[in-house]
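Anchor point for the sequence shown: position 42 equals 42 in the working numbering, and the numbering is continuous, going up by one each time.
Where a beta carbon is used, it is the ideal one built from N, C-alpha and C, also for glycine.
Read through the structure below, which is laid out as structure tokens, and then see the notes.
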Amino acid sequence: MKDAYVLVDHHGDNGTVREGMILRDISNQRFDALEKHGLVRAATAQEAKEGYRPDFESEAAAEEREAKAAKAPSNKNAPAAKNKEA
Numbered sequence: 001m002k003d004a005y006v007l008v009d010h011h012g013d014n015g016t017v018r019e020g021m022i023l024r025d026i027s028n029q030r031f032d033a034l035e036k037h038g039l040v041r042a043a044t045a046q047e048a049k050e051g052y053r054p055d056f057e058s059e060a061a062a063e064e065r066e067a068k069a070a071k072a073p074s075n076k077n078a079p080a081a082k083n084k085e086a
């Protein structure tokens, strides 16, 4: 039994896995088949201990969010309606 570090997002026999996930205790035969296709590599002891930590926000998304925040107007109130007098 081996722990495998996923190198490429793919859909396997047990569902979809993301890059960076750790597949725990997979058989040596299954590990060899996945490694042959370049989908996984052996996980280090440190990686297996830490487990999978998804990156919820990519760098590009963070930069885009910061750029939008910089362009946001200081006065976010809607303009007064002109037809309220009637």
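Could you check if residue i is buried or exposed, using at least 16 other CB atoms within 10 Å of its CB as the buried criterion?
| i | result |
| --- | --- |
| A43 | buried |
| V40 | buried |
| A4 | buried |
Among residues of its own chain, excluding the 5 on either side of residue i, which ones have a beta-carbon nearer than 7 Å to its beta-carbon?
| i | result |
| --- | --- |
| G20 | V6 and Y52 |
Please report how far the alpha carbon of residue i lies from the alpha carbon of residue j, in whole angstroms.
| i | j | result |
| --- | --- | --- |
| H11 | Q46 | 25 Å |
| I26 | V8 | 17 Å |
| F31 | G15 | 16 Å |
With respect to 7 Å, is the separation between the Cβ of residue i and the closest non-hydrogen atom of the ligand GTP below this value?
| i | result |
| --- | --- |
| A80 | Absence of the ligand GTP from the depicted structure is noted, as is the absence of any ligand whatsoever, leaving it without description. |
Taking residue i and residue j to be in contact with their CB atoms under 8 Å, please state how far apart those CB atoms are, rounded to whole angstroms.
| i | j | result |
| --- | --- | --- |
| P54 | R18 | 7 Å |
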